[in-house]
Amino acid sequence: MRLPCPSTKRKVVSCAVLFGLLIFTHHYLFYEPPGYICPYFRGRLGNLMFIYASVYGIAKSKGMVLVVDTNDLIQTVFPNLNALAIDSAFYFCNSSRLVYERRACAYDIDTMQFDNKKNTTLKAYLQSWKYFKDVEKEIRRQFVFKQEVQDKAQAIINNYTREYIQHSNISNNLQIIGVHIRRGDYLKPGKIAFGYKVATKSYLYKAFKFFRSKFKNCLFLIFTAPNRVDLKWRKYHMNGSDVINVDANERDVDMCALSKCNHTIITVGSFGWWSAWLNQGMTIYYNDVVKPNSYLSRDFSADMKDYFPSSWIGMQ
Numbered sequence: 001m002r003l004p005c006p007s008t009k010r011k012v013v014s015c016a017v018l019f020g021l022l023i024f025t026h027h028y029l030f031y032e033p034p035g036y037i038c039p040y041f042r043g044r045l046g047n048l049m050f051i052y053a054s055v056y057g058i059a060k061s062k063g064m065v066l067v068v069d070t071n072d073l074i075q076t077v078f079p080n081l082n083a084l085a086i087d088s089a090f091y092f093c094n095s096s097r098l099v100y101e102r103r104a105c106a107y108d109i110d111t112m113q114f115d116n117k118k119n120t121t122l123k124a125y126l127q128s129w130k131y132f133k134d135v136e137k138e139i140r141r142q143f144v145f146k147q148e149v150q151d152k153a154q155a156i157i158n159n160y161t162r163e164y165i166q167h168s169n170i171s172n173n174l175q176i177i178g179v180h181i182r183r184g185d186y187l188k189p190g191k192i193a194f195g196y197k198v199a200t201k202s203y204l205y206k207a208f209k210f211f212r213s214k215f216k217n218c219l220f221l222i223f224t225a226p227n228r229v230d231l232k233w234r235k236y237h238m239n240g241s242d243v244i245n246v247d248a249n250e251r252d253v254d255m256c257a258l259s260k261c262n263h264t265i266i267t268v269g270s271f272g273w274w275s276a277w278l279n280q281g282m283t284i285y286y287n288d289v290v291k292p293n294s295y296l297s298r299d300f301s302a303d304m305k306d307y308f309p310s311s312w313i314g315m316q
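Each residue of the sequence shown is one higher than the last, beginning at 1 in the UniProt record's numbering.
Structure follows, in structure tokens:
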């Protein structure tokens, strides 16, 4: 007895199933999972934030898995990081391939030209907003301070604002301008020889004038590092009826407070940079941060636009 031939429809279904099995088998046998990418953290809070944000942006663009250590400082400051946190990540990442940068404060696409299937550690500062411009919203969601830090920061702003209003009787449309000043460590001979510069008082006065001309009522809250050099300089040069020198706090509290002001004025350093970036109001920055033709100048692009966002306003 002869069996009936399968219908054309059944042949098509059988072929489709077979083809699907072949694809699955090929994928299973030859699939290479994405590699892990590890940041090489060094420096203080501002440096750590640049490293994390840039490596996160690179990991996203290359389809890699970002790995951090559960004990990394940045994990304690920002508990909502979207990374694979593991214990003793150093030992895991230590066996990976090392990739370096050519310039610390400029965008370099060649830094990202590596095989995304191989585990990689980026030993670089990566201080350019362009590395994470495509994931800006994600970085902002991750760089959210702990609630207790936010409460302390808001209390600082509220207390100084209340004090100012009581003495000035000005409250309508008051604009709070957060000012960050960094000088002390940049004045060391080695730093100066390398090419670092500090912002002048004339720059700060010009920045104050900009906001005073733009808004009727301003209050400038001056933040600085708790070292004698900066505190003394601030005491002698940052004065005025609408200027208040803020007592030093923990670094994350100060950065959070600066980010909660209406606008920012920054001088030099990555701490001030991130305070302004998190703020999202208007930012005035010092655009003469590097001595020309110095070793440090090689780390920046010629126009410095890789380092400073185009929406910020440069002055000197």
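Backbone N, C-alpha and C define an ideal beta-carbon position, used for all residues, glycine too.
{"query": "For residue 144, the nearest candidate out of 74, 115 and 183 (CA to CA)", "result": "74"}
{"query": "Residue 286 - containing beta strand (DSSP E), residue span", "result": "283-286"}
{"query": "8 Å Cβ shell around residue 195 - same chain, five flanking residues per side excluded", "result": "290, 291, 294, 295, 296 and 297"}
{"query": "Distance, residue 273 Cα to residue 40 Cα", "result": "20 Å"}
{"query": "Span separating the alpha-carbon of residue 154 from that of residue 131", "result": "30 Å"}
{"query": "Where residue 69 falls: helix, strand or coil (DSSP)", "result": "strand"}
{"query": "Other residues of its chain near residue 237: CB distance less than 8 Å, five sequence neighbours each side excluded", "result": "201 and 204"}
{"query": "Backbone CA spacing between residue 127 and residue 169 [nearest angstrom]", "result": "43 Å"}
{"query": "Segment contact, 8 Å Cβ cut-off, at least three pairs: the region 248-262 with the region 210-228", "result": "yes"}
{"query": "Sequence ranges, beta strand (DSSP E) only - wholly within the region 27-66, length at least 3", "result": "36-39"}
{"query": "Pair within 8 Å by beta-carbon distance, residue 45 and residue 68", "result": "no"}
{"query": "Boundaries of the alpha helix (DSSP H) in which residue 158 is found, first to last residue", "result": "147-168"}
{"query": "Contacts around residue 301, its chain only, beta-carbon distance under 6 Å, and the 5 residues preceding and following it disregarded", "result": "106"}
{"query": "Same chain, Cβ closer than 7 Å to residue 35, five either side skipped, listed in chain order", "result": "64, 116, 117, 118, 119 and 120"}
{"query": "According to DSSP, residues forming a beta bridge with residue 245", "result": "222"}
{"query": "Through-space distance from residue 285 to residue 307, alpha-carbon basis", "result": "11 Å"}
{"query": "Close-in-space but distant-in-sequence residues of the same chain around residue 235 (CB under 8 Å, 5 per side omitted)", "result": "245"}
{"query": "Proximity of residue 230 and residue 190 at Cβ, strictly below 8 Å", "result": "no"}
{"query": "Proximity to residue 178 [Cα-Cα], best of 158, 288, 58 and 32", "result": "158"}
{"query": "C-alpha distance - residue 56 paired with residue 162, whole-angstrom precision", "result": "40 Å"}
{"query": "CB-CB length for residue 181 against residue 267, believed under 8 Å", "result": "5 Å"}
{"query": "Backbone CA spacing between residue 280 and residue 316 [nearest angstrom]", "result": "21 Å"}
{"query": "Rounded distance between the beta-carbons of residue 58 and residue 112, thought under 8 Å", "result": "5 Å"}
{"query": "Contact check, residue 299 vs residue 85, beta carbons under 8 Å", "result": "no"}
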